[in-house]
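Everything on this sheet refers to the single structure shown next.
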Amino acid sequence: MRIYTKTGDGGTTSLVGGKRVGKNHPRVEAYGSVDELTAHLAYLRDNMEDIDTQQEYRNDLLQILNDLMTVAAVFACEDEHLSRLPVLSEEDIRFLEQRIDVLQAEVPPADKFTLPGGHPLVSLAHIARTVCRRAERNATRIECEAEAYRIALQYLNRLSDYLYILGRKISQDFNIPETFWVPKK
Numbered sequence: 008m009r010i011y012t013k014t015g016d017g018g019t020t021s022l023v024g025g026k027r028v029g030k031n032h033p034r035v036e037a038y039g040s041v042d043e044l045t046a047h048l049a050y051l052r053d054n055m056e057d058i059d060t061q062q063e064y065r066n067d068l069l070q071i072l073n074d075l076m077t078v079a080a081v082f083a084c085e086d087e088h089l090s091r092l093p094v095l096s097e098e099d100i101r102f103l104e105q106r107i108d109v110l111q112a113e114v115p116p117a118d119k120f121t122l123p124g125g126h127p128l129v130s131l132a133h134i135a136r137t138v139c140r141r142a143e144r145n146a147t148r149i150e151c152e153a154e155a156y157r158i159a160l161q162y163l164n165r166l167s168d169y170l171y172i173l174g175r176k177i178s179q180d181f182n183i184p185e186t187f188w189v190p191k192k
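Okay, so the sequence shown: first residue is 8 according to the working numbering, each after it adds one.
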């Protein structure tokens, strides 16, 4: 089977179920942003060392990468075909919330916005966070009332929070002082 089909040469692509839409369709924008997010998360994960602390993050990210494939599939699917897809559940959201709680308990409280940077892994976490936020914004343009869609949106919202706190925790792991936004007066 060839990797190229030439069916998209005219600027259209197929959704799950076969319906053809423009490549600028809200569903394509949403699942395309999730696809981009998975690539950034894989890059973040690949740059982590195989040490205890980072192995825990690597495990989290592997589970998240798998979950994001489901999120992308939900966004690529019209309501009538959702029953054919794997399920993302409230439990997947709780996983993120539990991981956020664990990481947040280990970093000092912040009363200011954190500026990205200080270490390449911190920057990669923040890049992924911003792509996650874009994927969430793009997904809100999809007209869908299905439960799977609602859970996918919630998942992205929690994931951006996880990535923020992961960046802060990685700063702490490397003893890198965080830089906080101080507005000019």
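Backbone N, C-alpha and C fix where the C-beta goes; we use that ideal spot for every residue, glycine too. This one's a predicted model, so the numbers in the text were calculated from it and none came from an experiment.
Rounded to whole angstroms, what's the CA-CA distance from Gly24 to Leu163? Just pull it up for me.
-> Translated into positions along the sequence shown, residue 24 becomes position 17. Translated into positions along the sequence shown, residue 163 becomes position 156. Rounded to whole angstroms, Gly24 to Leu163 spans 24 Å at the Cα level.
Going along the chain, which unbroken runs of the beta strand (DSSP E) with 3 or more residues stay wholly within the region 86–112?
-> none
Assuming Arg34 and Phe82 form a contact by the criterion Cβ under 8 Å, report the distance between their Cβ atoms to the nearest whole angstrom.
-> Counted from its first residue, the sequence shown places residue 34 at position 27. Counted from its first residue, the sequence shown places residue 82 at position 75. Rounded, the Cβ-Cβ distance is 6 Å, consistent with contact.
Classification of Leu122 by the beta-carbon crowding that lies within 10 angstroms, buried from 16 upward = Here residue 122 is taken as the residue at index 115 of the sequence shown, counted from 1. With fewer than 16 other Cβ atoms within 10 Å, it is exposed.
Segment contact, 8 Å Cβ cut-off, at least three pairs: the region 145–154 with the region 92–108 | At 8 Å Cβ cutoff, the stretches do not touch.
Is there contact between the region 33–52 and the region 62–78, where contact requires at least three CB pairs shorter than 8 Å?
-> yes
Identify whether Gly174 lies in helix, strand or coil by the three-state DSSP scheme.
-> For the purposes of this step, residue 174 is taken as residue 167 along the sequence shown, with counting starting at 1. It is helical.
Is Arg136 closer than 7 Å to Tyr171 when the C-beta atoms are compared?
-> On the sequence shown, residue 171 is found 164 positions in, with the first residue counted as 1. On the sequence shown, residue 136 is found 129 positions in, with the first residue counted as 1. For Tyr171 and Arg136, yes; Cβs fall inside 7 Å.
Do the CB positions of Tyr169 and Leu68 come within less than 7 Å of each other?
-> Your numbering for residue 169 matches position 162 in the sequence shown. Your numbering for residue 68 matches position 61 in the sequence shown. Result no, Cβ atoms of Tyr169 and Leu68 do not sit closer than 7 Å.
Where does Phe120 sit, in a helix, a strand or coil, going by DSSP?
-> The residue labelled residue 120 in the question sits at position 113 within the sequence shown. Phe120: coil per DSSP, three-state reduction.
Determine the direct distance from the alpha carbon of Gly18 to that of Gly29, and round the result to whole angstroms.
-> Your numbering for residue 29 matches position 22 in the sequence shown. Your numbering for residue 18 matches position 11 in the sequence shown. Gly29 and Gly18: Cα-Cα distance of roughly 6 Å.
Could you give the C-beta distance for Leu92 and Ala80, rounded to a whole number, given that I count them as a contact under 8 Å?
-> By one-based count along the sequence shown, residue 92 stands at place 85. By one-based count along the sequence shown, residue 80 stands at place 73. About 5 Å separates the two Cβ atoms, so the contact holds.
What span of residues does the alpha helix (DSSP H) with Phe29 cover, start to end?
-> Position 22 of the sequence shown holds residue 29. At residue 29 the sequence reads Gly, which differs from the Phe that was named. No alpha helix (DSSP H) contains Gly29, which is instead part of the beta strand (DSSP E) from Arg27 to Gly29.
Of the residues Arg175, Val138 and Ser40, which one's Cα is nearest the Cα of Pro115?
-> The sequence position of residue 115 within the sequence shown is 108, counting from 1. It is Arg175 whose Cα lies nearest to the Cα of Pro115.
Can the beta-carbon of Ala159 be found closer than 7 Å to that of Leu95?
-> Stepping through the sequence shown from its first residue, residue 159 is reached at position 152. Stepping through the sequence shown from its first residue, residue 95 is reached at position 88. Yes, the Cβ-Cβ distance between Ala159 and Leu95 is below 7 Å.
If you count every other CB in all the chains shown that lies within 10 Å of the CB of Asp99, and 16 or more means buried, which is it?
-> Counted from its first residue, the sequence shown places residue 99 at position 92. Asp99 is buried by the Cβ-count criterion.
Using the Cα positions of Asn54 and Phe187, report the straight-line distance between them to the nearest angstrom.
-> Residue mapping note: residue 54 aligns to position 47 of the sequence shown, counting from 1. Residue mapping note: residue 187 aligns to position 180 of the sequence shown, counting from 1. Taking the straight line joining both Cα atoms gives about 25 Å.
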